[in-house]
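Student: Have a look at this one before I ask anything.
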Amino acid sequence: MTDQTDLLQNAARRATRYLDALPQRAIWPSDAALAALEGFVEPLQREPVPAETVLARLDQLGSPATVASAGPRYFGYVVGGALPATVAANWLATAWDQNVHHWAGSPVGAQLEEVALGWICDLAGLPAGTGGAFVTGASIANLCALAAARHALLARLGWDVEARGLYGAPEIRIVAGEEVHSTLLKAIALLGFGRERVVRVPADGQGRMRADALPANSGPMIVCLQAGDVNAGACDPLAEIIPAAHAAGAWVHVDAAFGFWAIASPRHAPLVAGLGLADSWATDAHKWLNVPYDCGLALVRDPLALQGAMSIRAAYLPDDDRREPSRFGPELSRRARGVEVWAALKHLGRDGLAALVERCCEHARRFATGLAAAGHAILNDVVLNQVLVSFGSPERTRRVLAAVQAEGTCWCSGTVWRGQTAMRISVTSWATTKEDVDRSLAAILRIAAEQV
Ligand SMILES: *Cc1c(COP(=O)(O)O)cnc(C)c1O
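This note's numbering applies: residue -19 is where the sequence shown begins, and numbers increase by one.
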């Protein structure tokens, strides 16, 4: 065996030991593990250090200081784990070290992206040939999709925004819901539209954009909708708003970072009915599809709009008719993100994906039922995988949340949703079982009872 083989087998042993221990350990690292991170703080030495030593140090100091978010009882933010099939695919692809800028950089990377993209469009009822970019996450997917919208709307008015910029360009009106995700507003800011120029449409009690409050249009407009509110899991009434926005000549974008995957479940697909009518979509694979970080997708019905915003030419780069990955996204060099997406979908199949989504939603309802039975207020309609619970006053809710996080059985995050302080429970991992929910629920209820 070569040194390289020994090293990589050593890494695999350490990684599997880490994953095997994950269900038993506290979710948040211990104070000792956090203090030990100081061990990394040192001047860079002059001489090389053997790779085995580097790996051992990383494992000894690093592994205990991780958040056990890959484990089954992490319900913070909207995170998701990583299916073993995708971790394995990721390891192999890391060994490949492919650069998927063009097909010429990685035929396999380009091929798997194209296949995965086709499967996803098919699943979601999007037209074949929809433009797609594999990016770092929904933040950049929102950015790419809105850049495509900007390109297309201004091109229709004879303005080449990539060449001329926004100074002096016709104004585009940007419309978004009251509960729009903060990363969408960041994308709007990055694209030069100006956060403060966004017309915010009021939401109903669940945080969904009110269809009756959509502003009338007078010129180019982008309407930004949401499927899967980051707090409540609520989805805007897409089937109602998209046709109305289209009738007003608007480009419709849907931020569906995790809500997108509801489409895979017959039971939950009605929540996102109309999704396929939009002009562009942003979604994450690293959340509910359970692939390793980082991976998201920008999807644009008109592939030429996305290419118009993203495509570059250079004498040293291939110039052909293939679906060249870098013509659709912001990056040139990047890792083969399509590999894990392909592996997740290939492994799960349509039925496995539906089961994953439905299991998470069922777990969320189980949390809500158990908490409500104990007299705690559930603030949202639990329509998807998100539960918002209040333990009374904001102070008490914050105390319970802090105690839950410190106790270690499970980990939830907090929020203020429509004026109410809440603990958020997001069930997004393939690994979570009913037993994990019951164990977490018991811990939360015991802790809440202690916090008077
Ligand atoms: C998580 C999320 C985002 C941001 O996605 P990242 O993957 O963190 O970049 C955007 N919109 C919504 C609705 C989200 O849930």
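Just so you know, even glycine gets a beta-carbon here, dropped at the ideal spot from N, CA and C.
If you reduce the DSSP assignment to three classes, tell me which class L277 lands in.
Tutor: The answer is strand: DSSP assigns L277 an E or B state.
Student: With distances taken from CA atoms, which of G109, K166, C390 and T395 is nearest E375?
Tutor: T395
Student: Answer yes or no: do R188 and D216 have a C-beta to C-beta separation smaller than 8 Å?
Tutor: Contact flag set, yes.
Student: Just to confirm, are V271 and T412 a CB contact at a threshold of 8 Å?
Tutor: no
Student: Might you give, ordered along the chain, the residues of its own chain that have their beta carbon closer than 7 Å to the beta carbon of G109, omitting 5 neighbours on each side?
Tutor: P283
Student: Is DSSP giving T33 helix, strand or coil here?
Tutor: helix
Student: Quick check on V396: does DSSP put it in helix, strand or coil?
Tutor: strand
Student: Could you check which residue in A285, S306 and L286 has the C-alpha nearest to that of A294?
Tutor: S306
Student: Do A262 and A125 come within 8 Å of each other at the CB atom, strictly closer than that value?
Tutor: yes
Student: Drop a sphere of 10 angstroms on the beta-carbon of P28, count the other beta-carbons inside from all chains shown, and report buried for 16 or more, exposed for fewer.
Tutor: exposed
Student: By how many angstroms is the C-alpha of T74 removed from the C-alpha of G350?
Tutor: 42 Å
Student: Checking 8 Å against the spacing of the C-beta atoms, do R318 and L164 come in under that value?
Tutor: Strictly speaking, residue 318 in this sequence is Gly, with Arg absent from that position. With respect to L164, G318 sits apart: the two C-beta atoms are not nearer than 8 Å.
Student: Answer with buried or exposed for Q25, where buried requires no fewer than 16 other C-beta atoms within 10 angstroms of its C-beta.
Tutor: Burial call: exposed.
Student: Under the three-state reduction of DSSP, which class applies to T377: helix, strand or coil?
Tutor: helix
Student: Give me the Cβ distance between R404 and C392, rounded to the nearest whole Å; I'm assuming they're in contact under 8 Å.
Tutor: 6 Å
Student: Taking the beta strand (DSSP E) that R180 falls in, what are its first and last residues?
Tutor: DSSP places R180 inside the beta strand (DSSP E), whose first and last residues are V179 to V181.
Student: Is the beta carbon of P265 sitting closer than 8 Å to the one on L277?
Tutor: Just to set this straight, residue 265 is Ala in the shown sequence, not Pro. Their beta carbons are under 8 Å apart, which means A265 touches L277 by this criterion.
Student: With 16 as the cutoff for other CB atoms within 10 Å, does R426 come out buried or exposed?
Tutor: exposed
Student: Going along the chain, which residues of its own chain have a beta-carbon closer than 7 Å to the beta-carbon of Y57, five neighbours each way excluded?
Tutor: When the five nearest sequence neighbours on each side are left out, the beta carbons in the same chain lying within less than 7 Å of the beta carbon of Y57 are those of S393 and S406, in order along the chain.
Student: For a test of the three-state rule: what should DSSP assign to C390, helix, strand or coil?
Tutor: coil
Student: Report the residue from T401, D274 and A230 whose alpha carbon sits nearest the alpha carbon of L260.
Tutor: Residue identity differs from the one stated: residue 260 is Ser in this sequence, not Leu. Nearest of T401, D274 and A230 to S260, Cα basis: A230.
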